[in-house]
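Visitor: Handing you a structure now.
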Amino acid sequence: MILLDLMMPDMDGFQVVRELRANPMTAEIPVIMITARDDLDARAEGMRLGVSDFLAKPVFRRQLASRVRAQLEVVETARNATAAMDRLDAVKRRSQ
């Protein structure tokens, strides 16, 4: 999981997300964008790039914890589904 600010000095958060998504090793890492720029255009661009969630500043601890927990649950669910599909494929191959 990556918590990423949208506005940074050398590279903005959108550029970071583009690079993360372009690399197969980092493409699936959930990204929560934290930003003072909480407008629909920023959210739309982030979602188009694959940002998992947005948090507007100021960020409250409970809100952050809840969003992080939700993203980790999504990752765990995806891993479980992949493992189940792999097991089904193995059973299918053995029965052929």
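If you read the sequence shown in the numbering used here, its first letter stands for residue 6, the second for the next number, and so on. Ideal Cβ placement from N, Cα and C applies to all residues, glycine included.
(1) Whole angstroms are fine: how far does the CA of Leu8 sit from the CA of Gly18?
(2) Is the stretch 49-62 close to the stretch 22-37, with three or more CB pairs under 8 Å?
(3) Is the Cβ-Cβ distance between Ile5 and Asp10 less than 8 Å?
(4) Using only the alpha-carbon positions, how far apart do Gln76 and Met6 sit?
(5) Looking at the secondary structure, which residues open and close the beta strand (DSSP E) in which Val36 lies?
(6) Val80 to Ala27, Cα distance in whole Å?
(7) Restricting to runs no shorter than 4 residues, where is the alpha helix (DSSP H) found entirely within the stretch 57-82?
(8) Indicate the three-state DSSP secondary structure (helix, strand or coil) for Asp10 in the structure shown.
(9) Can you tell me where the alpha helix (DSSP H) holding Gln20 begins and where it ends?
Guide: Put simply:
(1) Cα-Cα distance, rounded: 10 Å.
(2) The stretch 49-62 is in contact with the stretch 22-37.
(3) This structure cannot speak to residue 5, because the chain is shown only from 6 to 101.
(4) Looking at the two C-alpha atoms, the distance is approximately 8 Å.
(5) 36-40 is the extent of the beta strand (DSSP E) around Val36.
(6) So the alpha carbons of these two residues sit roughly 19 Å apart.
(7) For the stretch 57-82, there is no continuous alpha helix (DSSP H) assignment of 4+ residues that stays within its boundaries.
(8) In the structure shown, Asp10 falls within a strand segment according to DSSP collapsed to helix, strand and coil.
(9) Its alpha helix (DSSP H) spans residues 18-27.
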